[in-house]
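Residue numbers (my numbering): 97 to 201. The beta carbon of each residue, even a glycine, is placed where N, CA and C say it ideally should be.
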């Protein structure tokens, strides 16, 4: 299987998972096909890079999310390897801002 097909499958899997939480998400390139779009769209304020791989080059993935994020969008990397749950990787500054906005001390 080529990496593009594997990426597409991961994006569809993640979108489905986010729909289970009530978000109306879809693959970012499903209709437009433009480079620089988020891999999964539908959660306002986030730029989601989806990585469905056994080995993740974390800082490279985050650099891609930062580079592709539109002004004001928080870059996040959502990652899952086989037989594991989805993880969300976010910069500390963005996490603290979100936590404080949600009422955290």
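Straight-line Cα distance separating residue 162 from residue 109: To locate residue 109, count along the chain shown from 1; it is residue 13. To locate residue 162, count along the chain shown from 1; it is residue 66. Approximately 22 Å between the Cα atoms of the pair.
Give me the Cα-Cα distance between residue 192 and residue 198, rounded to the nearest whole angstrom. Counting from one through the chain shown, the residue named residue 192 turns up at place 96. Counting from one through the chain shown, the residue named residue 198 turns up at place 102. Their Cα atoms are separated by approximately 10 Å.
Which value, in whole angstroms, describes the spacing of the CA atoms of residue 123 and residue 104? The residue you call residue 123 lines up with position 27 of the chain shown. The residue you call residue 104 lines up with position 8 of the chain shown. Cα to Cα, residue 123 sits roughly 8 Å from residue 104.
Quick one, which of 179, 169, 133 has its alpha-carbon nearest residue 187's? Within the chain shown, the letter at position 91 stands for residue 187. Looking at the Cα atoms, 169 is the closest of the given residues.
Using the Cβ count rule (16 or more neighbours within 10 Å means buried), how would you classify residue 107? Translated into the one-based positions of the chain shown, residue 107 becomes position 11. By the 10 Å Cβ count, residue 107 comes out buried.
If you drop the 5 nearest sequence neighbours on each side, which residues of the same chain put their C-beta closer than 7 Å to that of residue 160? Within the chain shown, numbered from 1, the residue matching residue 160 stands at position 64. Counting only Cβ-Cβ distances below 7 Å, and skipping sequence neighbours, we find 145.
Can the beta-carbon of residue 158 be found closer than 7 Å to that of residue 137? Numbered from its first residue, the chain shown carries residue 158 at position 62. Numbered from its first residue, the chain shown carries residue 137 at position 41. Going by C-beta atoms, residue 158 is not nearer than 7 Å to residue 137.
Extract the residue ranges of the beta strand (DSSP E) inside the stretch 135-178, only unbroken runs of 3 or more that lie entirely within it. 142-148, 170-176
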